[in-house]
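Below: one structure, written as structure tokens.
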Amino acid sequence: MKSPDPRNKFIFLLQLKRRSEKETSPYARLLFQENIISSLLIATLFTIELFLNKQTTKYVPTKERRINMEHIIKIKFESKIIETKTLGQLCFIINPFLEGNTHLKSSLKSFIDMRNNITHKMFSKYENMEELENDSRKVIKIGEKVIKELDIFRNKIFEEWNPK
């Protein structure tokens, strides 16, 4: 099965984001948000890949009056592999690149830990939907923060890539 066109994925992500904002059920909104964050993490990893590969490329003239590109260091995230990772696994992959961004790193960790807690409590600890919805609302607030911080982080990468 062929992976969808990246532009279509982006359009779908925007539609998903709008849909999640309209969702009235906190738990359903949390599920939407989890998928949005996963997609944003994947997009951020590919942005990091492009940025680092551009920064470590050197252009070498050849005898034939051409210019060859040589990579001092080259990283490659395989989309087929990255797109199958869970949210926790994606967080593990991106963490080394977040060493200077403690806010995003801690927000991601909190979101994943609290989301996992809800998932594990789902059928054994919750006695009514109100408890589930209250916990979901707490995680949603953190998720909104994660989405904003991921956008800021990616924008900083683009600013470094193309300084004014």
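Residues -10 to 153 in our numbering are what the sequence shown spells out, letter by letter.
The beta-carbon is built from N, C-alpha and C at its ideal position, and this holds for glycine as well.
Give the range of the alpha helix (DSSP H) segment to which residue i is assigned.
i          : result
residue 85 : Counting along the chain, residue 85 falls outside any alpha helix (DSSP H), and DSSP gives it neither H nor E.
residue 90 : Neither: residue 90 is in no alpha helix (DSSP H) and is coded neither H nor E.
Secondary structure at residue i, three-state DSSP: helix, strand or coil?
i           : result
residue 23  : helix
residue 122 : helix
residue 73  : coil
residue 53  : coil
residue 149 : helix
residue 46  : strand
residue 59  : strand
residue 33  : helix
residue 13  : coil
residue 103 : helix
For residue i, count the other beta carbons within 10 Å of its own beta carbon; 16 or more makes it buried, fewer makes it exposed. Which is it?
i           : result
residue 138 : buried
residue 22  : buried
residue 147 : exposed
residue 14  : exposed
residue 104 : buried
residue 1   : exposed
Whose CA, out of the options, lies closest to the CA of residue i?
i          : options            : result
residue 86 : 36, 6, 7           : 36
residue 30 : 46, 132, 150       : 132
residue 71 : 43, 92, 64, 34     : 34
residue 81 : 98, 89, 144, 26    : 98
residue 26 : 151, 134, 144, 145 : 134
residue 50 : 150, 59, 20, 63    : 59
Of all Cβ atoms in chain C, is any one closer than 8 Å to the Cβ of residue i?
i           : result
residue 145 : Of the protein chains in this structure there is only one, and it is not chain C.
Out of curiosity, what's the CA-to-CA distance linking residue i and residue j?
i           : j           : result
residue 17  : residue 68  : 27 Å
residue 38  : residue 117 : 45 Å
residue 126 : residue 94  : 20 Å
residue 78  : residue 113 : 25 Å
residue 130 : residue 142 : 18 Å
residue 46  : residue 40  : 10 Å
residue 124 : residue 32  : 28 Å
residue 28  : residue 19  : 14 Å
residue 64  : residue 10  : 35 Å
Verify the contact flag: residue i, CB atom, against every heavy atom of the ligand SAM, threshold strictly below 7 Å.
i           : result
residue 103 : With respect to small molecules bound, the structure shown includes none, and the ligand SAM cannot be examined in it.
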